[in-house]
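Following: one structure in structure tokens, then a few remarks.
Number of protein chains: 2
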Amino acid sequence: MEAVLSRKEQIEQTATSLFKTRGFSATSMRDLANALGIEAASIYSHIKSKEEILQRVCFRMANEFFEAQDKAAALDGSASDKLKNAIKAHVKVLTHNTEASAVFLHEWRHLSEPFHGTFLELRDKYENRFREIIRSGIESGEFQVPDEKFAVLTILSGLNWLHTWYKPEGKMTADEIADNLSAMLLNGMKNNQN
Amino acid sequence: MEAVLSRKEQIEQTATSLFKTRGFSATSMRDLANALGIEAASIYSHIKSKEEILQRVCFRMANEFFEAQDKAAALDGSASDKLKNAIKAHVKVLTHNTEASAVFLHEWRHLSEPFHGTFLELRDKYENRFREIIRSGIESGEFQVPDEKFAVLTILSGLNWLHTWYKPEGKMTADEIADNLSAMLLNGMKNNQN
DNA sequence: TAAATTTGCTAACGAACGTTAGGTTGCTTA
DNA sequence: TAAGCAACCTAACGTTCGTTAGCAAATTTA
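Residue numbers (the UniProt record's numbering), protein chains in the order written: chain D, 1 to 194; chain Z, 1 to 194.
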């Protein structure tokens, strides 16, 4: 049931794997060609430049995160529920796409302008959605945190390390991980008096 | 009251700053020289190679983390206290040395063998100390977590994103940040029945 | 003051880099 | 069967890279 990948997609996938383990700058086109079993120059039949690969990966993942977040936001419930759903959506994208997520999280700084700027704007927008959920939870008395920006960063930090150790073969499923993460983070934030 | 830096230390410091913002591979010796106001070749009067700088930064920071952790471990108390102290120690090192911490956390993979291997062993040893604290807390019934390795990774993940946004001029002091982080993470882990 | 050390320079090395030009092969479609 | 296209090749380009050699000036030490 494997999807048939176009050559361009194969290149992107192989590059993603190399970018994750060695980094964008430390991966040469000759390394990539070698991993594909062809010559470096041949890659240019399919892509315009090395950076184009990075751009495609970064913005494709940005899209995936936004789409997952949108779906989660369509559900209603308390702020806790909303936050749990947003976390679950985020973890699902991360675990379904570990390598591309790693590139998305760490290699975006090698984008040139205007891509670099656009990327940062998207990331900010994404984080703001989390911030809004937390703000509404603070207003309703559900959450008790010292600083909402601080809370968001800590949450996302906790999530974004996932790709470094998550293995699909591991004993926890993506949903279990999301539940455990939600439990750890949320109960720490919930006002215990309520 | 500024410490007088040797030329070698100046080079290390400037390099650290560049490695943080652009990454090790994307920083050339000519970039570094330019930032120092000298020629690239002149740097080699002080260091043996580009990688030597990375080695010095990585292992110096490893030392700092271990020393801080040792001091914290000397205090006694409940598992919660021990964890709080370990977190405080970790945050203190992170905040006192943001740029070097960023390099320590992200650029170590560009170390060649045997440094790469040694570094990973040290990191594992460091994480194990956290794991032991949590294990003892689970045994004593203080903590209630699904998986101890999972808990450690989530804690350290939450801490290790700090360097990306922490500014010494910010409104929170290092101690306040450590307290807030402990509160967020610990209360989420504590068994609420106790 | 002589010797040693520190700090920097210019010039250049060989290797590796991203990329382009131009051509060949083999499959697919009209 | 002819045309078009996808996929890859060899050869090479100009540039940048980390680094070395050899030398000069300034500063520190004896």
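No residue lacks a Cβ here, since even glycine has one placed at the ideal position from N, Cα and C.
- For chain Z, the residues of the stretch 99–125 of chain D that bring a beta carbon within less than 8 Å of one of its beta carbons are 106, 109, 110, in chain order.
- Residue contact with chain Z for residue 184/D: present (Cβ-Cβ distance below 8 Å to some residue of chain Z).
- For the pair residue 122/D and residue 140/Z, the Cα-to-Cα distance works out to about 45 Å.
- Here the stretch 105–113 of chain D lies against the stretch 48–56 of chain D, with 3 or more beta-carbon pairs under 8 Å apart.
- Within the same chain, and ignoring the five residues on either side of residue 155/D in sequence, the residues whose Cβ sits closer than 6 Å to its Cβ are 185.
- Here the alpha carbon of residue 100/Z sits roughly 8 Å from the alpha carbon of residue 20/Z.
- Contact with chain Z is found for residue 180/D, since one of that chain's Cβ atoms lies less than 8 Å from the residue's Cβ.
- Against chain D, the CB of residue 153/Z has a partner CB under 8 Å away; the residue lies at that interface.
- For residue 147/D, the closest C-alpha among the options 183/Z, 42/Z, 64/Z, 90/Z is that of 183/Z.
- Along the stretch 146–178 of chain Z, going in chain order, the ones with a CB nearer than 9 Å to a CB of chain D are 146, 147, 149, 150, 151, 153, 154, 155, 156, 157, 158, 159, 160, 161, 162, 164, 165, 171, 172, 176, 177.
- Taking a contact to require three or more Cβ pairs closer than 8 Å, the stretch 166–175 of chain D and the stretch 159–178 of chain Z do not qualify as touching.
- Look at the stretch 23–35 of chain Z: the residues with a C-beta under 7 Å from a C-beta of chain D are 23, 25, 26.
- As the crow flies, the alpha-carbon of residue 69/D is around 15 Å from that of residue 134/D.
- Shown here, residue 115/D sits in a helix according to DSSP, grouped into three states.
- The three-state reading of DSSP puts residue 24/D in coil, since its state is none of H, G, I, E or B.
- When secondary structure is reduced to three states using DSSP, residue 152/Z falls in the helix class.
- By the C-beta density criterion, residue 103/Z is buried, having at least 16 other C-beta atoms within 10 angstroms.
- Within the same chain, 62, 65, 66, 69 come within 8 Å of residue 126/D by CB-CB distance, once the 5 residues on both sides are set aside.
- Scanning 27/D, 89/D, 180/D for the CA closest to the CA of residue 151/Z turns up 180/D.
- Rounded to the nearest angstrom, the gap between the Cα atoms of residue 42/D and residue 22/D is 22 Å.
- Across the structure, residue 138/Z and residue 157/Z are spaced so that their CA atoms are roughly 20 Å apart.
- For the pair of segments examined, the stretch 27–35 of chain Z was found not to touch the stretch 82–94 of chain Z: the number of CB pairs separated by less than 8 Å stays below three.
- Excluding five sequence positions before and after residue 98/Z, the CB atoms of its chain that fall closer than 7 Å to its own CB belong to 163, 166, given in chain order.
- Around the CB of residue 71/Z, fewer than 16 other CB atoms lie within 10 Å, so the residue is classed as exposed.
- Going by DSSP, residue 29/D is part of the alpha helix (DSSP H) stretching over 29–36.
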